[in-house]
């Protein structure tokens, strides 16, 4: 089932008198539970595409459709609620609140939504991610890999339909990066979450069900096309 799609999606920036098309007329569909990697050289538009797909940035033209409904219909408040409840985000920088413990960081999106935590789900999540012994620690007492696992748990705390990850292994050493990637794959499969991940690392991209390759804002290769 298609959960996310974009039609004629374009994002332009201005540099002096020049127009830069960071995303150039993209037409894509993403299936529920699918793991898609977006790759390409630096400046190809990978992160911009992710940001527009996830509503963190507005397109210049075209549209993004989530669960059959165009995000054009959403106002800012509705988009904020959508991101909090249905989308999860993991970035290269862990973006943890340094004054909060691991568990307090994980619970942030749940508390912002004024919901009661699903303790059974969170217990399973922290067990899968191997962070049970880090939950009472501050981020300063954690390794980079542990902080990224906390960030992943936070992104998944509200049971999102889609997890957007922008270079989630970029700040990690090789071993930690492989562990985090394995965990992302596992939790997306375990909980039926669509995973859309930006990476410049082809070894990471090759772990995905599907690879989108960008160049100058255009999708120049889509390994999922053969299967469609």
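Residue numbers (my numbering): 30 to 257.
From the three backbone atoms N, C-alpha and C, an ideal C-beta is built for every residue, glycine too.
Please read these numbers as outputs of a predicted model, since none were measured by experiment.
Beta-carbon proximity list for residue i, same chain, < 6 Å, skipping 5 on both sides
i	result
residue 226	66 and 194
residue 91	36, 37, 38 and 39
residue 34	58 and 94
residue 247	53
residue 49	42
Distance, residue j Cα to residue i Cα
i	j	result
residue 242	residue 209	22 Å
residue 230	residue 206	11 Å
residue 259	residue 75	Here the chain covers residues 30 to 257 and nothing more, so residue 259 does not appear.
residue 257	residue 57	Unreliable positioning characterises residue 257 in this predicted model, as indicated by a pLDDT of 45, which lies under 50. A coordinate reading is not provided.
residue 131	residue 45	44 Å
residue 232	residue 203	11 Å
residue 62	residue 191	8 Å
residue 187	residue 105	20 Å
residue 96	residue 107	15 Å
residue 168	residue 47	42 Å
residue 77	residue 51	7 Å
residue 79	residue 238	17 Å
residue 252	residue 234	11 Å
residue 98	residue 30	14 Å
residue 255	residue 72	Per-residue confidence for residue 255 stands at a pLDDT of 49, beneath the threshold of 50, marking its modelled position as unreliable; no derived number is given.
residue 129	residue 250	42 Å
Where residue i sits in the DSSP three-state scheme
i	result
residue 77	helix
residue 95	strand
residue 187	coil
residue 152	helix
residue 134	helix
residue 250	strand
residue 238	coil
residue 25	This structure leaves residue 25 out entirely; the chain is present only between 30 and 257.
residue 232	helix
residue 165	coil
residue 245	coil
residue 66	strand
residue 89	coil
residue 255	At residue 255, the pLDDT of 49 sits below 50, so the modelled position is not reliable and the matter cannot be decided from this model.
residue 111	helix
residue 215	helix
Spatial neighbours of residue i in its chain, beta-carbon cut-off 7 Å, leaving aside the 5 residues before and after
i	result
residue 180	119, 123, 124 and 125
residue 121	195, 196, 197, 199 and 200
residue 134	125, 126, 179 and 183
residue 163	131, 171, 175 and 179
residue 89	39, 40 and 41
residue 114	142 and 187
Which residues DSSP lists as bridging residue i, in chain order
i	result
residue 37	DSSP lists no partner for residue 37.
residue 195	120 and 227
residue 44	47
residue 59	33
Beta-carbon proximity list for residue i, same chain, < 8 Å, skipping 5 on both sides
i	result
residue 185	117, 154, 192, 216, 220 and 222
residue 70	229 and 244
residue 146	136, 139 and 186
Contact with chain B by residue i, beta-carbon distance below 9 Å
i	result
residue 208	Protein chain content of the structure displayed is limited to a single chain, and chain B is not contained in it.
**Asked** Between the stretch 41-53 and the stretch 200-217, do at least 3 Cβ pairs fall closer than 8 Å?
**Response** With contact defined as three or more Cβ pairs closer than 8 Å, the stretch 41-53 and the stretch 200-217 are not in contact.
**Request:** Taking 8 Å as the threshold, find out whether the stretch 68-85 comes into contact with the stretch 156-165 through three or more Cβ pairs.
**Result:** At 8 Å Cβ cutoff, the stretches do not touch.
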